[in-house]
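Asks: Protein sequence lines correspond, in order, to chains A and B. 9 is the number of the first residue of the first sequence in this note's numbering; add one for each residue after it. 127 is the number of the first residue of the second sequence in this note's numbering; add one for each residue after it.
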Amino acid sequence: MTTIAIDGGGFRETPLSAYQIAISTKRVVVGYGFWIFLLSDIVMFSAFFAAYAVLAHATADGPTGMQLFNQRSVAIETACLLASSYTCGLMQLAVTSRRYAVTYLMAFLTFALGAAFLALELHEFAGMIASGAGPQRSAFLSAFFTLVGCHGLHVTVGLIWLVVMMAQVGIKSLYDPTVERRLLCFSLFWHALDIVWVWLFTVVYLMGGLS
Amino acid sequence: MTDTDYDRAPGDVTALPDIERGRSSGILVYTIGLALAVALTALSFWVANTSLLWVGGVALGLTVLAVAQMGIHLVFFLHVTTGPDNSNNVLALAFGVLIVILVVVGSLVIMADLNDSMMPGPELMNLQMQR
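(1) Mind checking which residues open and close the alpha helix (DSSP H) that includes N307(B)?
(2) Confirm, please, whether the CB-CB distance from V156(A) to F133(A) is below 9 Å.
(3) Just to confirm, are V184(B) and L218(A) a CB contact at a threshold of 9 Å?
(4) So, are the CB atoms of L160(B) and Y213(A) less than 9 Å apart?
(5) Give me the Cα-Cα distance between A123(A) and I227(B), rounded to the nearest whole angstrom.
(6) Could you work out which residue in L128(A), L121(A) and P143(A) is closest to T67(A) when comparing CA atoms only?
(7) Check L179(B) in the structure and name its three-state DSSP category.
(8) Would M136(A) and L98(A) qualify as a contact pair, given that the criterion is a beta-carbon distance under 9 Å?
(9) Beta carbon of G137(B), beta carbon of L217(B): below 9 Å?
(10) Give a yes or no on whether 9 Å exceeds the smallest Cβ distance from D69(A) to chain B.
(11) Looking at A168(B): is its Cβ nearer than 9 Å to the Cβ of L188(B)?
(12) Taking Cβ to Cβ, would you say A83(A) is nearer than 9 Å to F171(B)?
(13) Excluding sequence positions up to five away, which residues of its chain have a Cβ less than 8 Å from the Cβ of A200(A)?
(14) Run through chain B and tell me which residues come within less than 9 Å of Q176(A), C-beta to C-beta.
(15) Against chain B, with Cβ distances strictly below 9 Å, would A200(A) count as a contact?
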């Protein structure tokens with residue numbers, strides 16, 4: 009047996025040592041554990057989605073989604089988040105091939121796009137609250153701010169995490185298996201947030217704008 | 127020994143074919159995913175704003191587009207495959223989707239049923255006031 013494949017890598021000509029196999033297995037276990045966490049996080053989001061869907065018409069004679077939502081800014085937010093998911097994927101490729109410059113560049117782009125998304129969302133929230141459509145106005149707006157705010161909070165945590173990871177790449181290295189595992193978890197987290205956003209803009213902004 | 131004897135971490139880019147030989151195929155996978163996601167997003171925004179389609183079907187159409195885009199993200203960004211090395215990830219995902227559907231559809235059905243069984247409000251009880 010001269011050819012062995014481990015941890016999804018290509019075929020290696022030499023058998024791996026027990027140490028290397030242990031490292032690979034840990035990567036799978038950590039990734040799987042984080043996958044379970046993400047799914048439970050999405051189950052939590054589904055409860056907020058259910059609350060929003062039930063309360064979407066409970067506007068208490070206040071402003072409706074049709075009056076409040078600006079599709080242009082939602083489209084820009086969607087573009088930012090989608091592009092940051094793409095750059096996050098490219099960062100993951102750079103991490104796998106241990107290219108520091110590309111990793112930093114893609115991490116910076118991911119951060120900038122995520123921050124742009126967050127700035128747009130906060131600007132939208134501030135405008136709504138200033139016009140008297142804050143979370144206390146109606147059950148619809150309470151559900152809206154809970155759901156969209158929770159996603160925004162996740163994005164904020166993701167941005168902080170990304171900065172911490174880049175510090176770890178700088179201080180430790182891309183060859184450190186711990187750093188590698190954490191970066192794998194980060195990219196899972198970031199892509200999962202994008203999936204939640206797909207449902208958010210569909211259910212909240214697009215369906216909310218239907219007559 | 128084949129490469130099906132162990133599990134793969136979810137979202138692992140090393141699951142991509144030929145990743146060891148060069149990065150081109152990895153970039154291609156992400157780019158295809160991005161192109162499809164952008165197309166589906168643009169389609170969603172168009173469907174929501176056009177007057178060409180029957181209004182009653184728009185919500186269903188948007189749901190289908192969102193499901194499709196979720197699939198694109200899972201396959202091209204999170205690298206979920208049907209391979210045996212991914213069966214744990216897919217099983218966990220399927221269970222998560224089951225719970226999500228139970229929570230969302232269950233809540234909607236129960237609340238719609240409750241609304242139907244509610245006594246009509248005072249403005250409806252007074253038939254003379256009805257417009």
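Heads up, the beta-carbon is just placed ideally off N, CA and C, and yes, glycines get one too. None of the values given here were measured: they were computed from a predicted structure.
Replies: This is what the structure holds:
(1) With chain B covering 127 to 257 only, the question about residue 307(B) has no answer from this structure.
(2) Locating residue 133(A) in the first sequence gives position 125, where the first residue counts as 1. Locating residue 156(A) in the first sequence gives position 148, where the first residue counts as 1. Inclusion of F133(A) and V156(A) in the CB contact set at 9 Å is warranted, their separation being smaller than that value.
(3) For the purposes of this step, residue 184(B) is identified with residue 58 of the second sequence, where counting begins at 1. For the purposes of this step, residue 218(A) is identified with residue 210 of the first sequence, where counting begins at 1. Yes, these two residues count as a Cβ contact at 9 Å.
(4) What you label residue 160(B) is simply residue 34 of the second sequence in a count that begins at 1. What you label residue 213(A) is simply residue 205 of the first sequence in a count that begins at 1. Not in contact: L160(B) and Y213(A) (Cβ atoms no closer than 9 Å).
(5) Taking the first residue of the first sequence as position 1, residue 123(A) is located at position 115. Taking the first residue of the second sequence as position 1, residue 227(B) is located at position 101. Using only the alpha carbons, I get a separation of about 31 Å.
(6) In the first sequence, residue 67(A) corresponds to position 59, counting from 1. Closest in alpha carbon position to T67(A), among L128(A), L121(A) and P143(A), is P143(A).
(7) Indexing the second sequence from 1 puts residue 179(B) at position 53. In the structure shown, L179(B) sits in coil (DSSP, three-state: anything other than H, G, I, E or B).
(8) Indexing the first sequence from 1 puts residue 136(A) at position 128. Indexing the first sequence from 1 puts residue 98(A) at position 90. Result no, Cβ atoms of M136(A) and L98(A) do not sit closer than 9 Å.
(9) One-based indexing of the second sequence puts residue 137(B) at position 11. One-based indexing of the second sequence puts residue 217(B) at position 91. No. Outside cutoff.
(10) Indexing the first sequence from 1 puts residue 69(A) at position 61. So no, D69(A) is outside the interface.
(11) Working through the second sequence from its first residue, we reach residue 168(B) at position 42. Working through the second sequence from its first residue, we reach residue 188(B) at position 62. Using a Cβ distance threshold of 9 Å, A168(B) and L188(B) do not count as a contacting pair.
(12) The sequence position of residue 83(A) within the first sequence is 75, counting from 1. The sequence position of residue 171(B) within the second sequence is 45, counting from 1. Taking 9 Å as the Cβ cut-off, A83(A) and F171(B) qualify as a contacting pair.
(13) Taking the first sequence and counting its residues from 1, the one referred to as residue 200(A) is at position 192. Only L46, D49 and I50 meet the Cβ criterion.
(14) By 1-based counting over the first sequence, the position of residue 176(A) is 168. Ordered by position in chain B, no residue passes the 9 Å Cβ test against Q176(A), which lies about 19 Å from the chain.
(15) Residue 200(A) sits at position 192 when you count from the first residue of the first sequence. For A200(A), the nearest CB of chain B lies under 9 Å from its own CB, placing it at the interface with that chain.
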